[in-house]
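K.L.:
Protein chains: 2
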Amino acid sequence: MYSEQELETVHSRIGKDISKHIGTTRKLLMQPSSSQQDIGIDKCAALVAKMYKDAGCEKVEIAETKGNPIVYGECKGDSDKTLLVYFMYDTMPFNEPGWNHPAMGAKIVDMKLPAGKVKAIVNRGADNTKGPLATFLNSVDACNRSVGRPPCNVLLVAEGEEELGSPNLPVYVKKNKKRLSDADACYFPYFAQDPDGCRTLMLGVKGVVYFELKCSGKSWGRGPEDFAVHSSGKAWLDSPVWRLVHALKTMTSDDGNRVLIDGFYDDVAPPTQEDEEVISETAKTWDPKMAKKAMKVSRFMIPDTDREELIRLYTFASTLNIDGIWGGWIEKGSKTVLPHKVTCKIDIRVVPNQKKDDMMPLVRKHLDMHGYKDIKMTEVDSGYDWCRCSVKEPVVQAMIRAQESFGGRPQVWPTSGGSVPFYVFNRILGIPFTMGGIGHSDLAHSPNEYMVVGGNKKIAGLSDIEKFMVRFMSEYSLT
Amino acid sequence: MYSEQELETVHSRIGKDISKHIGTTRKLLMQPSSSQQDIGIDKCAALVAKMYKDAGCEKVEIAETKGNPIVYGECKGDSDKTLLVYFMYDTMPFNEPGWNHPAMGAKIVDMKLPAGKVKAIVNRGADNTKGPLATFLNSVDACNRSVGRPPCNVLLVAEGEEELGSPNLPVYVKKNKKRLSDADACYFPYFAQDPDGCRTLMLGVKGVVYFELKCSGKSWGRGPEDFAVHSSGKAWLDSPVWRLVHALKTMTSDDGNRVLIDGFYDDVAPPTQEDEEVISETAKTWDPKMAKKAMKVSRFMIPDTDREELIRLYTFASTLNIDGIWGGWIEKGSKTVLPHKVTCKIDIRVVPNQKKDDMMPLVRKHLDMHGYKDIKMTEVDSGYDWCRCSVKEPVVQAMIRAQESFGGRPQVWPTSGGSVPFYVFNRILGIPFTMGGIGHSDLAHSPNEYMVVGGNKKIAGLSDIEKFMVRFMSEYSLT
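Those protein sequence lines, which keep their order, are chains P and F.
Quick note on my numbering: the first sequence kicks off at 70 and runs consecutively.
Quick note on my numbering: the second sequence kicks off at 70 and runs consecutively.
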């Protein structure tokens, strides 16, 4: 661990270098890296490798995979503890409407949050998660430039396919198991403060499966098969769009919230005693209003008054979500056609003890049983399994201690509603993990994604976030 | 009426001018005129006016409306009978995928049809209905250049908003009622042979209503309201997409073919005795296989063996068709989002004695009664009412006689499944109408729309179609 004086030295370095750090962060954000659209991936991998070197990593490799490269780096630290730090350098696409500033312009703007005024960088990936990637490297850079080494050894693994379901990460980890087994724990840096400043710590992630359902006249053998025909044909022809609508409606309750697929919830484990304690504790301080404000929604599925149940939903509900649906004439005006095909993108989030590999077969079986054998199902992403870590794990306790030194114990959640491929490290290397940090960012996958760089009393700015990361490594080196 | 010698003179002229006629047809086709997208409308109106003049019309006007102009022309004929010829110079959009030749290239290609080899022009509007427009003007041109006048007076009314539901045509007709009341009947030229050469005559058209349903978090007050949020939110947020799916499913039977909206079929009149006779006669010669071949479908909603019922469906079924549906992430890959809105385009075809103005209120009432008051409904087109004409009408009998002189009595259908705004002339001017001709074209609203110009023994080529149109005018002048 660092002495208090060493921490002071690093903090001072961070203070001096903060403009440079904002610069490197903006540079990384502005480099496109949309894995869905295969835009800028190689350039971004090269930039990340350069950032590793600039931050003082001894060993840097751009490892080719069957898909996008993985950028690996090593940095010797001040203790024999080794942290595997997982990053993703890919992002969601950035070409949707609704951006108030250029999606790739990394503009620094004034922003008014429930916690007060801040300065934030608006850019795709600022929240998810090139912002945290750059910030962590800034903290390592500061360690190397001041004390000469970080508090612990770090192995850096940055993949470029997280948004594709990390298909090649397990392969890479298995192949490099010997080297990566030096790690005692895994860490995923991100900014975990709510817009009101509330600091949260997630003990896990949900798994995710993503696929498309396609109904077409061709595979059905009814209705138009080769092209959309004149809509007068509806009088004597079947419609693939109506068919998909009726197939979909069998999959959920009328409100769209309860999944009616046989066996869907069978493996869902009830919250453990520890989970319930965590939920009960969290419900004391969690403010549903703030969560709604961030998403700009008027109401949750259930009343706000039942905070514990809301937290239980967010953390324990396995969901079937329509991400997108399209078919036929979707432009302006009235083209009167009977479409020959329609497609629907669906994601399922899996929770303990569901298995992601079980989910598509369950949906397939459901469709078959309801007479929809012709509806095609295509996996879009290879998906993740869920992953959990006990609050008692030393690496989690190190995270909590670091949090306490920056403003008290964080609100602990059994899991995030999102998905990160921790199961890869957890199941292949058998190591525990933790995630998060301080600071605030939001709007992952949405327009106007942002990260706070200039903070206030309630929300950490970039320099405090970096200091926190150094503190966390130091606490971890003690475990 | 023309004498046989005059007919001979015109036919000879058509034979000499056929290359020029193909040229003017291609020129008109290649001029974009997509009313949905407001592309090329004014240029096309000017070109149609020029074609009127070139064909020998005495009076030509481009009449402004609140929307696209109407091109009016008059040509004095050989009798005191006056035919109002209705055209549309607008087309559907032409930018969908699937074209094997440029959608606006008017390429002349070899084509193999069930009736044998032909030469066809492939272009948006070739079938629907700039091809027939040009062809009719060619026939008038030939009359004026040979005999000196057509067999009857013609009033030409070409509108540029048919694909928008002809919102300004009724206004125009009311405003010009005095002048247009000279007409004894109305005619809509098109190529009415099937791909096997079967000649058909439609005694009417269905009406049509076109609207959008939109479900959004904003109007619902549940789920995401301002943007698509991260799909982890599905755990505690409602989904506008699921809502629309469940709203839609209430509107039809599980197979999508029977409309379940209360009152939807209430006003549907059963076929009359005359209708049943026409159907029974038509069923003797109509070949379902040919119709399926043209649309490239494997099967109709009901077995082919029940020909009468198939014809009854096509002519008497009131339909609720989804033309398009879209929401959320509809591009490549897996953006995991919970969409904040979803839209669906729907057309309803109305038959005797439904009223198009009743249909949207019925849908609205249905949605309200099922608890979907928040789902927005927007009229996209002003729509048409249905229109029918007895087979006994003199103008229809003239059409049948003209057909007989070109290869026997046509197959008569009580109505087309499509929609043309004849109700405007029928109800405002109180005149009967007929439609069609010989020749073949197909794929209205679809890629690779075409019209045959070089025919064979079974399918008329352009010169025969033009001769037919002259013959029809001549027969009509006798009535």
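Ideal placement from N, C-alpha and C gives every residue a C-beta, glycine not left out.
Since this is a predicted model, take the numbers as computed values, not measurements.
Can you tell which of F:P101, F:I131, F:N222 and F:K112 has its C-alpha closest to the C-alpha of C144 (chain F)?
P.N.:
Among F:P101, F:I131, F:N222 and F:K112, the Cα nearest to that of C144 (chain F) belongs to F:N222.
K.L.:
Kindly indicate which three-state DSSP category L382 (chain F) falls into: helix, strand or coil?
P.N.:
If DSSP states are grouped into helix, strand and coil, L382 (chain F) belongs with the helices.
K.L.:
Between R496 (chain F) and W455 (chain F), what straight-line distance do the alpha-carbon atoms span, to the nearest angstrom?
P.N.:
Going from the Cα of R496 (chain F) to the Cα of W455 (chain F) covers about 11 Å.
K.L.:
Is there a Cβ from chain P that is less than 8 Å from the Cβ of I391 (chain F)?
P.N.:
I391 (chain F) counts as touching chain P.
K.L.:
Just to check, is the beta-carbon of D344 (chain F) closer than 7 Å to a non-hydrogen atom of the ligand GDP?
P.N.:
Within the structure as shown, the ligand GDP is missing, as the structure has no ligands at all.
K.L.:
Per DSSP, what kind of secondary structure is T93 (chain P) in: helix, strand or coil?
P.N.:
Of the three classes helix, strand and coil, the one that applies to T93 (chain P) here is helix, per DSSP.
K.L.:
Tell me whether the beta-carbon of A203 (chain F) lies closer than 8 Å to the beta-carbon of L97 (chain F).
P.N.:
Yes, they are a contact pair.
K.L.:
Using a Cβ distance threshold of 8 Å, determine whether the segment 247-257 of chain F contacts the segment 139-156 of chain F, with at least three qualifying pairs required.
P.N.:
At 8 Å Cβ cutoff, the stretches touch.
K.L.:
Using the C-alpha atoms, what's the distance from I507 (chain P) back to K527 (chain P)?
P.N.:
Spanning the two alpha carbons is a distance of roughly 10 Å.
K.L.:
Got a sec: which bits of the segment 315-328 of chain F sit with their beta carbon under 8 Å from any beta carbon on chain P, in order along the chain?
P.N.:
Of all residues in the segment 315-328 of chain F, H315, L317, K318, T321, D323, D324, G325 and N326 have a Cβ within less than 8 Å of some Cβ in chain P.
K.L.:
With Y279 (chain F) as the anchor, note down where its beta strand (DSSP E) starts and where it stops.
P.N.:
Looking at the DSSP string, the run of the beta strand (DSSP E) that includes Y279 (chain F) is G276 to S285.
K.L.:
Whose C-beta lies closer than 7 Å to the C-beta of D307 (chain F) among residues of the same chain, with five residues either side of it excluded?
P.N.:
Answer for D307 (chain F): R291 and G292, listed in chain order.
K.L.:
Around the C-beta of K371 (chain P), are 16 or more other C-beta atoms found within 10 angstroms, so that it is buried, or is it exposed?
P.N.:
With the sequence shown as reference, residue 371 (chain P) is identified as Ile, and Lys is not the correct amino acid for it. Exposed: under 16 other Cβ atoms inside 10 Å.
K.L.:
Relative to the C-alpha of R82 (chain F), which residue among F:N245, F:S208, F:K275 and F:G530 is closest?
P.N.:
Nearest C-alpha to R82 (chain F): F:S208.
K.L.:
Report buried or exposed for M173 (chain F), applying the criterion of at least 16 other Cβ atoms within 10 angstroms of its Cβ.
P.N.:
Result: buried.
K.L.:
Classify K353 (chain P): buried if its beta carbon has 16 or more other beta carbons within 10 angstroms, exposed otherwise.
P.N.:
Result: exposed.
K.L.:
Report the residue from P:P239, P:T269 and P:C284 whose alpha carbon sits nearest the alpha carbon of E473 (chain P).
P.N.:
Considering only alpha carbons, the answer is P:T269.
K.L.:
Beta carbon of L389 (chain P), beta carbon of I415 (chain P): below 8 Å?
P.N.:
Taking 8 Å as the Cβ cut-off, L389 (chain P) and I415 (chain P) qualify as a contacting pair.
K.L.:
Using the Cα positions of G302 (chain P) and K404 (chain P), report the straight-line distance between them to the nearest angstrom.
P.N.:
Computed Cα separation, rounded: 14 Å.
K.L.:
Could you check whether H509 (chain P) and V493 (chain P) sit closer than 8 Å to each other, using their CB atoms as the reference points?
P.N.:
The answer is no: Cβ separation not under 8 Å.
K.L.:
Just the Cα atoms here: how many angstroms apart are V314 (chain P) and S288 (chain P)?
P.N.:
Between V314 (chain P) and S288 (chain P), the C-alpha separation is close to 16 Å.
K.L.:
Do the CB positions of N137 (chain P) and T160 (chain P) come within less than 8 Å of each other?
P.N.:
No. Outside cutoff.
K.L.:
Would G402 (chain F) pass as a contact of Q100 (chain P) if the rule is Cβ separation under 8 Å?
P.N.:
No.
K.L.:
Quick one: what's C456 (chain F) bridged to in DSSP?
P.N.:
Bridge partners of C456 (chain F): F:V274.
K.L.:
Determine, using beta-carbon pairs with one atom in the segment 119-133 of chain F and one in the segment 160-171 of chain F, whether at least three such pairs fall under 8 Å.
P.N.:
The segment 119-133 of chain F is not in contact with the segment 160-171 of chain F.
K.L.:
Does chain F have any CB closer than 8 Å to the CB of E345 (chain P)?
P.N.:
Chain F, which has no Cβ nearer than 8 Å to the Cβ of E345 (chain P), makes this no.
K.L.:
With contact counted as at least three CB pairs below 8 Å, one residue from each stretch, are the segment 239-249 of chain P and the segment 86-96 of chain F in contact?
P.N.:
With a cut-off of 8 Å, the segment 86-96 of chain F and the segment 239-249 of chain P do not count as touching, because too few Cβ pairs lie within range.
K.L.:
Please state if the CB of P183 (chain F) and the CB of F260 (chain F) are separated by a distance shorter than 8 Å.
P.N.:
Result no, Cβ atoms of F260 (chain F) and P183 (chain F) do not sit closer than 8 Å.
K.L.:
Report the partner residues of I139 (chain F) according to the DSSP bridge assignment.
P.N.:
According to DSSP, which records beta bridges pairwise, I139 (chain F) is partnered with F:A132.
K.L.:
Do D450 (chain P) and L233 (chain P) have their C-beta atoms within less than 8 Å of each other?
P.N.:
Cβ distance < 8 Å, so D450 (chain P) and L233 (chain P) count as in contact.
K.L.:
Going by CA-CA distance only, name the one from P:G524, P:E518 and P:V465 that's closest to I545 (chain P).
P.N.:
Note that residue 545 (chain P) corresponds to Tyr in the displayed sequence, not to Ile. Cα-wise, what sits closest to Y545 (chain P) is P:V465.
K.L.:
Scan the segment 361-383 of chain F for residues whose Cβ lies nearer than 8 Å to a Cβ of chain P and list them as they occur along the chain.
P.N.:
Correct list: M364, K365, V366, S367, R368, F369, M370, I371, L379, L382 and Y383.
K.L.:
Which residues in the same chain as E448 (chain P) place their Cβ atom closer than 6 Å to its Cβ, once the five residues preceding and following it in sequence are excluded?
P.N.:
Closer than 6 Å at Cβ, skipping near neighbours: F280.
K.L.:
Can you pull the chain P neighbours of L407 (chain F), defined as C-beta to C-beta under 7 Å?
P.N.:
Here the neighbours are N390.
K.L.:
Taking just the CA atoms, how far does D323 (chain P) sit from K445 (chain F)?
P.N.:
Those two C-alpha atoms are separated by around 19 Å.
K.L.:
Counting only Cβ-Cβ distances shorter than 8 Å, please list the residues of the segment 275-308 of chain P near chain F, keeping chain order.
P.N.:
Those residues of the segment 275-308 of chain P that come within reach of chain F (Cβ to Cβ, closer than 8 Å) are K275, V277, Y279, G286, G290, R291, G292, P293, E294, D295, F296, A297, V298, H299, S300, S301, G302, K303, A304, W305, L306, D307 and S308.
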